[in-house]
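Since the structure comes first, as structure tokens, the remarks are kept for the end.
Number of protein chains: 2
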Amino acid sequence: MDSKDQKQKGSQAFVHNPHLDALKEDFLYHFDLGTGTHDLPAMFGDVKFVCVGGSALRMKSFSEYIAGELGIKDPASGTNICAGTDRYAMYKAGPVLSVSHGMGIPSMAIMLHELMKLLYHAKCKDVTVIRIGTSGGIGLEPGTVVVTKQAVDTTFQPRFEQVILGKTVVRDTHLDQSLAQELLQCSKDLNQFETVIGNTMCTLDFYEGQARLDGAFCFYTEKDKQDYLRKVYEAGVSNIEMESSVFAATCKLSGVRGAVVCVTLLDRLKGDQISSSHEVLQDYQQRPQILVGCYIKKQLKVKAGGRQV
Amino acid sequence: MDSKDQKQKGSQAFVHNPHLDALKEDFLYHFDLGTGTHDLPAMFGDVKFVCVGGSALRMKSFSEYIAGELGIKDPASGTNICAGTDRYAMYKAGPVLSVSHGMGIPSMAIMLHELMKLLYHAKCKDVTVIRIGTSGGIGLEPGTVVVTKQAVDTTFQPRFEQVILGKTVVRDTHLDQSLAQELLQCSKDLNQFETVIGNTMCTLDFYEGQARLDGAFCFYTEKDKQDYLRKVYEAGVSNIEMESSVFAATCKLSGVRGAVVCVTLLDRLKGDQISSSHEVLQDYQQRPQILVGCYIKKQLKVKAGGRQV
Chain A
1 MDSKDQKQKG
11 SQAFVHNPHL
21 DALKEDFLYH
31 FDLGTGTHDL
41 PAMFGDVKFV
51 CVGGSALRMK
61 SFSEYIAGEL
71 GIKDPASGTN
81 ICAGTDRYAM
91 YKAGPVLSVS
101 HGMGIPSMAI
111 MLHELMKLLY
121 HAKCKDVTVI
131 RIGTSGGIGL
141 EPGTVVVTKQ
151 AVDTTFQPRF
161 EQVILGKTVV
171 RDTHLDQSLA
181 QELLQCSKDL
191 NQFETVIGNT
201 MCTLDFYEGQ
211 ARLDGAFCFY
221 TEKDKQDYLR
231 KVYEAGVSNI
241 EMESSVFAAT
251 CKLSGVRGAV
261 VCVTLLDRLK
271 GDQISSSHEV
281 LQDYQQRPQI
291 LVGCYIKKQL
301 KVKAGGRQV
Chain B
1 MDSKDQKQKG
11 SQAFVHNPHL
21 DALKEDFLYH
31 FDLGTGTHDL
41 PAMFGDVKFV
51 CVGGSALRMK
61 SFSEYIAGEL
71 GIKDPASGTN
81 ICAGTDRYAM
91 YKAGPVLSVS
101 HGMGIPSMAI
111 MLHELMKLLY
121 HAKCKDVTVI
131 RIGTSGGIGL
141 EPGTVVVTKQ
151 AVDTTFQPRF
161 EQVILGKTVV
171 RDTHLDQSLA
181 QELLQCSKDL
191 NQFETVIGNT
201 MCTLDFYEGQ
211 ARLDGAFCFY
221 TEKDKQDYLR
231 KVYEAGVSNI
241 EMESSVFAAT
251 CKLSGVRGAV
261 VCVTLLDRLK
271 GDQISSSHEV
281 LQDYQQRPQI
291 LVGCYIKKQL
301 KVKAGGRQV
């Protein structure tokens with residue numbers, strides 16, 4: 001990494017809010033952490049990677065996994081830093097912070113607001129944020145890992161609409177392309193499972209919003225569903241999930257490198273129900289963790305090597 | 001309750017989906033429950049009240065509280081029925097089912113799809129569903145409980161917009177007015193805290209979406225915020241939260257009586273941060289539980305009395 005890159009990354013803002021510095025104390029309510037009660041720079045100042053995923057249990061197991069991969073023997077990697085609340089769970093293993101975000105854009109949005117404020121208050125530098133999750137694939141073999149190029153909305157546009165003061169604001173959802181390529185390269189190095197780079201459609205619902213026939217309500221036919229999913233496929237969408245658009249928009253606004261790495265649990269062109277065995281699903285869900293673990297190890301090795309020169 | 005009412009309530013559909021009965025097995029993925037693996041009528045056939053709230057811990061404590069109130073000594077009231085997943089938590093105390101829904105419309109929507117299918121598969125009858133939650137008040141003393149009349153969107157309209165097969169569908173968000181009045185009467189009987197009936201604005205974000213000045217991003221001024229919240233107040237909104245619109249729309253579509261009972265943790269006309277002490281917030285959060293507990297006890301007493309006649 002040359003000094004210009006280093007400088008650019010060192011200048012990460014995380015936040016854009018002139019009101020923040022006027023707060024006597026900033027309480028991150030949904031993390032149960034605050035500037036008045038916690039020494040955030042001491043707790044989080046060394047964080048270089050933040051991995052986020054929907055499930056609290058999965059993020060705990062990821063933190064323990066990455067601690068093992070990095071040879072960190074600190075048992076704190078499995079201790080929930082946000083134990084004072086059950087809104088989110090947070091774990092730390094050396095420079096890797098793991099945080100759960102629940103399901104859907106609003107739940108992810110709250111977490112990201114508080115995460116970016118945490119990184120800002122902790123004076124972190126050079127941070128990469130990666131979502132590791134699950135998704136429905138479009139025309140892909142179940143178990144395929146998709147690294148998102150762009151998060152697109154239900155009209156297949158790379159944008160995230162947000163209502164602010166009653167007016168709709170549109171935000172860009174392009175993700176860091178070099179980071180996506182580096183993750184793809186890790187998958188090639190690993191050679192354990194298929195990984196592709198593709199567009200990810202982000203929806204506000206899992207059933208009707210993703211054209212499933214197995215929700216409580218369904219007022220369309222099997223043919224309507226197939227016609228729609230065909231359009232999704234033809235628009236170049238590789239997978240469907242529920243958080244990528246606000247994640248991408250927030251990374252862009254915050255000036256952090258961000259990536260979305262989701263495994264596909266089924267091929268939506270062939271069905272709706274997630275009916276693979278528990279063991280198969282467990283194996284699938286570990287794939288984004290293995291891929292991102294490989295990437296983090298490689299990055300830390302490059303840095304350690306750099307220091308020795 | 002006369003026989004006509006009984007018949008109408010007995011005819012609850014819960015679902016509107018011709019495809020469901022064709023499924024060989026219906027696996028409720030986010031509950032880790034299914035028709036092929038669980039005897040849903042035996043497990044849930046006696047459910048008459050479903051209480052839902054964001055936090056899993058709060059729903060556990062509600063289930064234990066209602067078990068005590070109803071004199072149910074079964075320790076199963078504190079056992080998570082969805083222990084095979086950490087997406088949602090579910091507890092049962094006699095006829096009262098308690099389920100967590102996470103934060104935001106999408107997380108609530110997934111839970112409700114699977115809840116309505118569960119009630120359908122379990123052949124439940126005469127079910128009332130109540131959301132007990134927290135919210136930001138508009139011009140109300142913190143700690144006031146709001147029973148929602150209508151859930152309104154950010155343009156103050158009583159509607160919920162959902163994208164289905166790429167097209168926007170608008171659904172009605174009126175809630176059962178007689179149920180709201182019965183809940184208000186319970187609060188008068190209790191005489192422990194202030195309760196009002198009012199409109200609830202449902203947003204997709206907690207920070208920018210609710211005009212807060214303390215998010216990671218804020219591109220508006222304090223005056224812009226105050227002007228907007230003044231409009232919210234003038235439109236007759238009593239409180240703001242993040243799940244009521246899809247809850248109301250789903251209850252209406254499912255044909256169940258539904259209510260939203262949220263305590264206000266702060267007055268948004270006076271601030272953004274939730275800065276009351278842990279003890280005060282705990283007390284506030286118990287108010288919807290106490291109110292709904294009183295309502296359920298009253299209803300069960302009426303029924304028991306009815307049988308004796």
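Going line by line, the protein sequences match chains A and B. Under UniProt numbering, the first sequence has 165 at position 165, and the numbering climbs by one with no breaks. Under UniProt numbering, the second sequence has 134 at position 134, and the numbering climbs by one with no breaks. Think of the CB as a built atom: it goes at the ideal place given N, C-alpha and C, for glycine as much as any other residue.
In the three-state scheme derived from DSSP, where H, G and I count as helix and E and B as strand, A:E208 is classed as helix.
Assigned with DSSP and collapsed to three states, A:A249 falls in helix.
The beta carbon of A:M103 lies closer than 7 Å to those of G54, M242 in the same chain, with the five residues before and after it left out. Judged by DSSP in its simplified three-state form, B:V232 adopts helix. With respect to the 7 Å criterion, A:V246 and A:I138 are not classified as neighbours on the basis of their beta carbons.
By DSSP's assignment, B:D172 forms a beta bridge with B:R159. Rounded to the nearest whole angstrom, the CA to CA distance from B:V170 to B:P158 is 10 Å. Within the DSSP secondary-structure output, B:L97 pairs in a beta bridge with B:V50, B:K92. Per DSSP, A:M108 is not a residue of any beta strand (DSSP E); the alpha helix (DSSP H) it occupies stretches across 105–121. In this structure, the straight-line span from the alpha carbon of A:M43 to that of A:C124 is close to 11 Å.
A direct Cα-to-Cα measurement between A:D26 and A:D32 gives close to 11 Å. The count of Cβ pairs closer than 8 Å, one atom from the stretch 284–300 of chain B and one from the stretch 197–206 of chain B, stays below three, leaving the stretches out of contact.
Among the CB atoms of chain B, one or more fall inside 7 Å of the CB of A:K117. When Cβ pairs closer than 8 Å are counted between the two stretches, the stretch 138–155 of chain A is seen not to touch the stretch 217–224 of chain A, the count staying below three.
Our two residues, B:E64 and A:A76, have alpha carbons roughly 31 Å apart in a direct line.
The DSSP-derived three-state label of B:R268 is coil. The three-state reading of DSSP puts A:A13 in coil, since its state is none of H, G, I, E or B. Judged by DSSP secondary structure, A:A22 falls outside any beta strand (DSSP E); it is assigned neither H nor E. Close CB contacts of A:S187 within its chain, under the 6 Å cut and outside five residues either way in sequence, are with T195, L291 (chain order). Listed along chain A, no residue sits closer than 7 Å to B:D283 by beta-carbon distance, the nearest being about 17 Å off. Check the Cα spacing between A:D272 and each of B:V261, B:L20, B:S276: the tightest is with B:L20.
Of the candidates A:I296, A:H278, A:V302, A:I296 places its Cα closest to the Cα of A:L70.
Taking CB atoms only, A:P106 has a neighbour in chain B less than 7 Å away. If you check the CB distance, A:L265 and A:T134 come in under 7 Å.
Here B:K73 carries a coil assignment [DSSP, helix/strand/coil]. Neighbours of B:Q162 across chain A, judged by C-beta separation under 9 Å: L204, D205, E208, G209. In this structure, A:V129 sits near A:V50, with a CB-CB distance shorter than 7 Å. When Cβ-Cβ separations below 7 Å define contact, A:Y29 makes contact with chain B. By the C-beta density criterion, A:Q181 is exposed, having fewer than 16 other C-beta atoms within 10 angstroms. Note that the C-beta distance between A:I274 and B:Y29 is below 7 Å. Counting along the chain, A:K188 sits inside the alpha helix (DSSP H) bounded by residues 177–190.
In the structure shown, the three-state DSSP call for A:C294 is helix. Contact with chain B is absent for A:H121, since none of that chain's Cβ atoms lies less than 7 Å from the residue's Cβ. Within the DSSP bridge table, the entry for A:F27 names A:G34 as partners.
With distances taken between CA atoms, B:A259 lies nearest to B:Q150 out of B:M111, B:Q150, B:G78, B:A122. In this structure, the beta-carbon distance from A:C294 to A:L190 falls below 7 Å.
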